[in-house]
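So the sequence lines, in the order shown, correspond to chains A and B.
Mapped onto this note's numbering, the consecutive letters of the first sequence carry residue numbers 213 to 629.
Mapped onto this note's numbering, the consecutive letters of the second sequence carry residue numbers 213 to 629.
From the three backbone atoms N, C-alpha and C, an ideal C-beta is built for every residue, glycine too.
2 protein chains.
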Amino acid sequence: MKGSGPAAPAGREMALAKSQTAAVARVMQGVVAMRRQVEKELSATSGRAPTLEALGITNVTEVRERDPSAVMRAIEELFADAADSILRGQGLHFEVPNRTATNQLYVPELDRIVLKSKTSTRSFDSTAQVRKTAIMTRVMEMLHQVLRRNIHTTKRDLFYADVKLFRSQDESDAVLDDVACVIGCTRTSLHVVASEKGVVVGRVQFREDGDLIDCTRMGVGGKAIPPFIDKISDFRSDAEFILLVEKDAAFMRLAEDRFYNKYPCIIITAKGQPDVATRLFLRKCRDDLKLPVLGLVDADPYGLKILSVYMSGSKTMSYDSASLTTSDIKWLGVRPSDLDKYNIPEQCRLPMKASDIKYGKALLEEDFVRRNPKWYAELEAMLSSKVKAEIQALSSYGFQYLTETYLPRKLKERDWI
Amino acid sequence: MKGSGPAAPAGREMALAKSQTAAVARVMQGVVAMRRQVEKELSATSGRAPTLEALGITNVTEVRERDPSAVMRAIEELFADAADSILRGQGLHFEVPNRTATNQLYVPELDRIVLKSKTSTRSFDSTAQVRKTAIMTRVMEMLHQVLRRNIHTTKRDLFYADVKLFRSQDESDAVLDDVACVIGCTRTSLHVVASEKGVVVGRVQFREDGDLIDCTRMGVGGKAIPPFIDKISDFRSDAEFILLVEKDAAFMRLAEDRFYNKYPCIIITAKGQPDVATRLFLRKCRDDLKLPVLGLVDADPYGLKILSVYMSGSKTMSYDSASLTTSDIKWLGVRPSDLDKYNIPEQCRLPMKASDIKYGKALLEEDFVRRNPKWYAELEAMLSSKVKAEIQALSSYGFQYLTETYLPRKLKERDWI
């Protein structure tokens, strides 16, 4: 290099970099404030979460994550009790907590459902229950094997492990929830997992089965979210928020543009309907890192439904919803009101089908919509306009409009509800 | 440490480790031999692949991977020609190669399909073609934008970029193949990609958009295969084979047990029907590393069909099959003959439905089955027994039977066809 020549451009570059950083900081101000708020709230609750005992709630079955040795011990105790009962001449039977709605108790202080004391006896002596009792015994034996080896399995594998007894997969599946409730642990704690579908990319590191995973270095395809949440630990991140994306195509755009480099965030998608593994991952990631979650979904009733599955879960699984649900997801977009605000061309707005409208009306009655007046208003506006739109509609302003204009403006204007 | 005490156990451990290594080496012998053979064959063809010219084949359109600048240049030339034609008073028109079967030529020396010289003129002057010509012009303009920015997009985004003109996504999708054939490049070279679904884990490293991806350190969930194959380069591996798995559950078992640590391999799954990204990845991985591919699928007609999609592709995409297909995949299992050989219990064998049998009979007529007498015999046996089985049926001998017994025995006995 010669003389002071290169100094000027270097100075200019630095000034440019500085002004860009300042611009990003301005965009991020609102998110940073929210992140601090979320951190404070989550620290407060996790610091002094009341116990059921302290709340004066007794005689309930609490369902929570338990480690393999605790679950194994519980199975061993159940079998010891069963052997005792047989030796006393009282036969083989199990007490199974009732999972119906009337036996569930919502504890608002914990934001969790626990099972009340109603149980039913499943007895090997009863003609009606002999098969189910045998199946339950066999399933617990197999789960014990799985846990002792510290491996994981699927419902399908479990079924095939004794087809002769189970006959159909429904029969082995059905007792899994029973076993979980008897032991007071989540399905995941039984090491029976569903298939994976989700992907994550962005400003987060974690350990997965010992391997250090750095999601800023996962190329454009991202890291597949594993089906075993218990193998994930040691989350680290300098992100300000989690961006939860409904669809693959939007995820692809965000990943290719490395959106997270400029706007520090973690990007997660389940590629459509949320699967259990992605929901567990989101919850754990949010809790451990204490980050706000912003949702980017289609502006149609199904987009809203997807947010609700992350937030409230599906009804049949409610007894172990604690580890599956992430409350307080903010609806960032695409919202019905965005269509006018961002001037989405008429041609990109699609007429709602009769089934969309019917579904949307049903959502208006649901708790997660009713308790958020802004959500309610957006959904009402959608239903009265009879118009919906996909995230992709933003492409009418250019393929990178999503990452370069729409999202930065949303963040800057703190435009989430 | 004191005296020679610890020496004995250390010696014993070392002896054990040695004998285990020797056992693995014995299991791997056949695969290693096959890998060397494949390496030799692929090196031979890639070293002196004949050109079309050398084969005396002229007047054809060759469809192959081209880099963004070449595709951009081709679009610019097409537009310059179109402008010329308009200025000469001959209007706007494009010559589009015909993609019908009669205009395709299979070149066995290259194992590739090329398009013969039949073209049709798409003219803006014709009432019947005015819309299609306009759409094609617009799509090429948009592709040029995408390529200039060196980003990727999806069919859906492309559609939304000008809904007013395209009206329905079918219309913008339809011209994509035309544009690819006019330019003589693959769909992937146009940077229009499908969503990703596949996952990879095991003994392979590569660069993805600059990031170094080490698939031995991807935990139990594996690395999501990205939709952009052109961002992947620098494959490195000490694997002896690629294990192509139909289903997620089997992939999960292999990943959790880190099967690849003991038996050096790369494990790939598309979780069911193979998507374009996974097929491109498999082909590139196989070619760059020169490895044999062993398929692990359900013992039913759909398992076989899945292997065939990897091998021959789907019929509509045949003009750019070269980069999508991986010939010579070996059928490792689960094969109909395995059911008796491995004593799969009767209860794990499922009766074939009428639709299975119909589908299986149709497969008997297909080239990829007919040219492999052993495949033909297996499929015939399946159809006459009217019995099918899933990979999971192996779980009847224990959840890790697949990784600890079935696959090692298969490899040791060189039991692939």
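Would you identify the three-state DSSP class for A/F212, choosing helix, strand or coil?
Residue 212 of chain A is absent from the model: chain A starts at 213 and stops at 629.
Measuring alpha carbon to alpha carbon, tell me which of B/I454, B/T490 and B/R498 ends up nearest B/D446.
B/R498
CB A/P486 to CB A/L575, shorter than 8 Å?
no
What separation, rounded to the nearest whole angstrom, lies between the Cα atoms of A/E321 and A/T263?
9 Å
Of the residues B/V505, B/S608 and B/L619, the one placed nearest B/V250, counting alpha carbons only
B/V505
The region 388-414 of chain A: positions lying closer than 7 Å to chain B by Cβ:
S407, E408 and V411
Beta-carbon within less than 6 Å of B/P309's beta-carbon, same chain only, minus the 5 sequence neighbours each way: which residues are those?
T273, L327, T331 and C393
Just to confirm, is the Cβ distance from B/A601 to B/V546 under 8 Å?
yes
Have a look at the DSSP bridge pairing and note the partners of B/R419.
B/L424 and B/S445
For A/Q302, which residues in chain B fall below 7 Å Cβ to Cβ?
By Cβ distance, chain B contributes nothing, its closest Cβ being about 32 Å from A/Q302, past 7 Å.
Note the first and the last residue of the continuous alpha helix (DSSP H) segment covering A/W587.
P585 to S597
Beta-carbon neighbours of A/R448, restricted to chain B and to distances below 7 Å
Near A/R448 there are no residues of chain B at all, since even the closest Cβ is about 15 Å away, more than 7 Å.
A/H364 by DSSP, collapsed to three states: which one?
coil
In its own chain, which residues sit with a C-beta less than 6 Å from the C-beta of A/R626, not counting the 5 before and 5 after it?
G242
To be precise: take each residue of the region 535-566 of chain B, compare its Cβ to all Cβ atoms of chain A, and keep it if any distance is under 8 Å. Which residues remain?
P557, Q559 and C560
Inter-residue Cα distance where the pair is B/I603 and B/A511
7 Å
List the residues of chain A whose Cβ lies closer than 9 Å to the Cβ of B/K435, in chain order.
M430, G431, G433, G434, K435 and A436
Can you tell me where the alpha helix (DSSP H) holding A/S524 begins and where it ends?
P513 to S524
Are the region 396-409 of chain B and the region 460-470 of chain B touching, with three or more C-beta to C-beta distances below 8 Å?
no
Measure how close the beta-carbons of A/L551 and A/V599 come, nearest whole angstrom, since I'm counting them as under 8 Å.
7 Å
A/K542: first and last residue of the uninterrupted beta strand (DSSP E) it sits in
K542 to G545
Is there a C-beta anywhere in chain A that falls below 8 Å from the one on B/F611?
yes
Three-way DSSP call (helix, strand, coil) for B/S216 in this model
Per-residue confidence for B/S216 stands at a pLDDT of 43, beneath the threshold of 50, marking its modelled position as unreliable; the derived number appears in the next sentence. Here B/S216 sits in coil by DSSP.
For B/R630, the first and last residue of its enclosing alpha helix (DSSP H):
Coverage of chain B is limited to positions 213 through 629, which leaves residue 630 of chain B absent and any answer about it impossible.
Three or more C-beta pairs under 8 Å: does that hold for the region 553-563 of chain B against the region 372-383 of chain A?
yes
Assign B/P620 to buried or exposed, taking buried as 16 or more other Cβ atoms, counted over all protein chains shown, within 10 Å of its Cβ.
buried
Using a Cβ-Cβ cutoff of less than 7 Å, which residues in the same chain neighbour B/A386 once the five nearest sequence positions on both sides are dropped?
none
Could you check whether the region 345-361 of chain B touches the region 277-288 of chain B, counting it as contact only if at least three pairs of C-beta atoms, one from each stretch, sit closer than 8 Å?
yes
Residues, ordered as in the chain, of the region 445-471 of chain B that lie near chain A by beta-carbon distance below 7 Å:
D460, A461, M464 and E468
If you draw a straight line from the C-alpha of B/L516 to the C-alpha of A/K624, how long is it?
53 Å
Assuming A/V391 contacts A/T365 under a Cβ cut-off of 8 Å, what Cβ separation, rounded to an integer in Å, is found between them?
Contact flag wrong, Cβ pair sits at about 13 Å.
Tell me which residues share the same chain as B/I298 and place their Cβ nearer than 6 Å to its Cβ, disregarding the 5 neighbours each side in the sequence.
L304
Burial state of B/A235, where buried means 16 or more other Cβ atoms lie within 10 Å
exposed
As assigned by DSSP and simplified to three states, the class of B/T273:
strand
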